[in-house]
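Going by mature numbering (1 follows the signal peptide of the UniProt record, and there is no 0), the letters in the sequence shown line up with residues -24 to -1, 1 to 268, in that order. We put the CB at the ideal spot given by N, CA and C, even for glycine. Nothing here was measured: the structure is a model prediction, and the numbers come from that model. Working notes, structure below.
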Amino acid sequence: MASPRHLMKLSAALLLLCVGVCVARNSDFSIVGYSEEDLSSNDRLVELFEKWLAKHQKAYASFEEKLHKFEVFKDNLKHIDKINREVTSYWLGLNEFADLTNVEFKAAYLGLNAAPARRGSSRSFRYEDVSASDLPKSVDWRKKGAVTEVKNQGQCGSCWAFSTVAAVEGINAIVTGNLTALSEQELIDCSVDGNSGCNGGLMDYAFSYIASSGGLHTEEAYPYLMEEGSCGDGKKAESKAVTISGFEDVPANDEQALIKALAHQPVSVAIEASGRHFQFYSGFSTVLAARS
Ligand SMILES: *[C@@H]1O[C@H](CO)[C@@H](O)[C@H](O)[C@H]1NC(C)=O
């Protein structure tokens, strides 16, 4: 059983996507997925596209579609390379989204439906009175064993479920010492009051669902399907593993409040991820300094 948790929302953006953190690896190519020479001729571009298709196991229905995708790919690569020349603090790369236009990307992956009303189960903020001098300089909940492996929502606007589950996994690990992956699929299938499965949702509704329904099954007992199912369909025999008694929203536009909350537990967030830069975000990196 876990205690209440806190939730921050960035309400300015309507369409958001929750993402994992990408870690830059040890050479330029492995981060960005191309080299400057690949841009030197059409033959090289075709070769690069074929390699990318194989790596991401892409297959298209027709030759026409493949030609069209090649054009999109080249346009994206042009954008990626341009930004990598201009910007020094982060990298863009040829990831699995490189054959999608930004419009297609947004339609397939974004999924936060921000609601006008805040739905915190109380208006209080439990860390209000924490004094700034009691806060640590930094906290990494991964190192403290409160964060499960990076998960991939795939082609389903279910970021709201992943964001919710990560916060519940975190507080459960802190309270019980048991880090257990929990079921996003259960939220997608069952938390339908205010949420719309793969068509988006909001963490507040999902927290309410968990608190009122007796909790969530583990990821293993109710695995992810990347599509909407009926509640309970995908579930194995085990009973619900973890629940919460409630949740709070971190006060809006208040960095101190967010720091106070984060010092005590992982916080559920959604970030604005609809931009083309974000579509190809590959990491920020200390190897930047080593780039010639
Ligand atoms: C952790 O929690 C899971 C889910 O309830 C349970 O299956 C597992 O046995 C627990 N592990 C330990 C070490 O208590």
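What residues in its chain sit with their C-beta under 6 Å from that of residue i, if we drop five residues either side in the sequence?
i	result
K236	Y103 and V106
C207	D165 and C166
E214	A197
S172	none
D14	R20 and L24
N52	A74
Leaving aside the five residues before and after residue i along the sequence, list all residues of the same chain whose C-beta is less than 7 Å from its C-beta, in chain order.
i	result
S139	C(-7), M179, S244, V245 and A246
H32	E72
I59	L68 and H253
H55	R252
E160	S134, A137, F138, V141 and Y200
E204	I164, D165, G173 and C174
W117	V123, G146 and P242
G50	According to the sequence as given, residue 50 is Lys; it is not Gly. Closer than 7 Å at Cβ, skipping near neighbours: L21.
Three-state secondary structure (DSSP) at residue i?
i	result
G133	strand
D110	helix
T194	strand
G177	strand
residue 278	The shown model of the chain, from -24 to 268, leaves out residue 278, and the question about it has no answer.
F73	coil
A228	coil
C207	coil
N171	coil
N154	coil
T124	coil
F138	helix
A213	coil
V115	coil
D165	helix
R102	coil
L201	coil
What does residue i pair with, by DSSP beta-bridge criteria?
i	result
W67	G259
D51	D51 pairs with nothing; no bridge assigned.
V218	L192
E160	BP columns for E160 are empty, so no partner.
L88	G177
If I measure Cβ to Cβ from residue i and keep anything under 8 Å in the same chain, skipping five residues before and after, which residues do I get?
i	result
F260	A(-1), S65, Y66 and W67
A266	No answer about A266 holds up, because its pLDDT of 45 lies below 50 and its placement is not dependable.
residue 269	Lying outside -24 to 268, the shown extent of the chain, residue 269 is not represented and no answer is given.
Is residue i close to ligand 3? I mean its beta-carbon at under 7 Å from any heavy atom of the ligand.
i	result
F81	Absence of ligand 3 from the depicted structure is noted, with ligand 1 being the only ligands included.
Name all residues in chain order for which at least one heavy atom of ligand 1 lies closer than 5 Å to the residue's CB. Any residue whose Cβ sits closer than 5 Å to a heavy atom of ligand 1 makes the list: N154, T156 and A217.
Scan the region 4 to 55 and note each continuous alpha helix (DSSP H) run of 4 residues or more that stays entirely inside, going in chain order. Listed in chain order, the complete alpha helix (DSSP H) runs (minimum 4 residues) inside the region 4 to 55 are 4 to 8 and 18 to 31.
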